[in-house]
Amino acid sequence: MANTIEDILHDTLQAAQSTFKGKSHNISYYDPNILPERKKAFYTEEGMACRDLIFDRLHERLFEKQLSSREIYHYLHRNKNYFLVGNCILLSIFALYYLKKKHKNSLRALFYNPNVNYTRFRSLLNLQIICLQAPYSHAFVMVSPPSNADTKPYLGMISEPNVFPQNAWICDPWANIICPAMDYDKRWKARMSEWNMQGKIIHAAHFSLKNDPHMNGSPLGKYAYTATQRGVKMTTGIITIYPDGSTVIHDEPSSGRCTIL
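In this text, residue positions in the sequence shown follow the working numbering: the first is 3, and each later residue adds one.
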């Protein structure tokens, strides 16, 4: 049986999440004592400090040296058996290149019709990393089918909040979301509500927000709950997949554009 887009993105999400055995450094709990013993150690004061240190060292190695996203993926893949701690942009970088490496042909079979000439299409099948701009802080992966209606994406392209190419899909390993792009805001808000009920805290990525009275760490707070609804989007990575199976990677040092780092 052919893979569905849900199958492909679910495999990608799981692969990205399993690479970071130390989870994401910017999620904690109001009271880690509510957690099972096997999970509690991650979120105690000592556990959070340890994971922050591991993340900071990884950040320095990958971003301060201005490695490309492709180089970051290869580093993460080589070191996936170690205790890596990530965030949304690292998860998205891994997911983007995993999609290309593992699922390029399945995506071609899903989105390209062999009886259609795509030469004059404005936009071909592409995989993108999307970063929400300040004051919102998030990154995710978008799969956009070939289209005659949508604009061809380019690095640094700015797009309106909560507006996506027709029939696009979202893979968000950080928030554990796979869905059609048109449903993303609804799914995001449901996830934030769920996390709030579980007692989770989201830590601000932008230092300028740490003293903002609206920044209280709650998933229902101003900068978390409405992020996908209000966040202006920037394309920071693109892989174009052509009908013949060839690919073109549009890449640059990751720290050059993403405001999350």
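For every residue, glycine included, the Cβ atom is placed at its ideal position computed from N, Cα and C. Note that this is a predicted model, so its numbers are computed, not measured.
Check: Inter-residue spacing [alpha-carbon to alpha-carbon] between N2 and K42; Outcome: Coverage of the chain is limited to positions 3 through 263, which leaves residue 2 absent and any answer about it impossible.
Check: Buried/exposed call for M3, threshold 16 Cβ in 10 Å; Outcome: In this prediction, M3 has a pLDDT of 44, which is less than 50 and means its spatial position is unreliable; nothing more can be read from the coordinates.
Check: Residue range of the beta strand (DSSP E) that includes Q130; Outcome: L127 to L134
Check: Nearest-angstrom Cβ-Cβ length linking D253 and S139, presumed shorter than 8 Å; Outcome: So it is not a contact: roughly 22 Å between Cβ atoms.
Check: Reduced DSSP secondary structure (H/G/I, E/B, other) of F209; Outcome: Because the pLDDT of F209 is 47, which lies under 50, any placement of that residue in the model is unreliable, and the question is left without a value.
Check: R189 versus I179: straight-line alpha-carbon distance, rounded; Outcome: 7 Å
Check: Residue from Y227, H105, V145 and R72 with nearest C-alpha to M184; Outcome: V145
Check: Residue of H205, R232 and N169 minimising C-alpha distance to K191; Outcome: R232
Check: Sheet register partners of P182 (DSSP bridge); Outcome: W171
Check: Simplified DSSP state of M142, which is helix, strand or coil; Outcome: The question names Met, but residue 142 in the sequence shown is Phe. Reduced to three states, the DSSP call for F142 is strand.
Check: Close Cβ partners of T21 (< 7 Å) along its chain, the five nearest in sequence each way excluded; Outcome: L78, K82, L86 and F96
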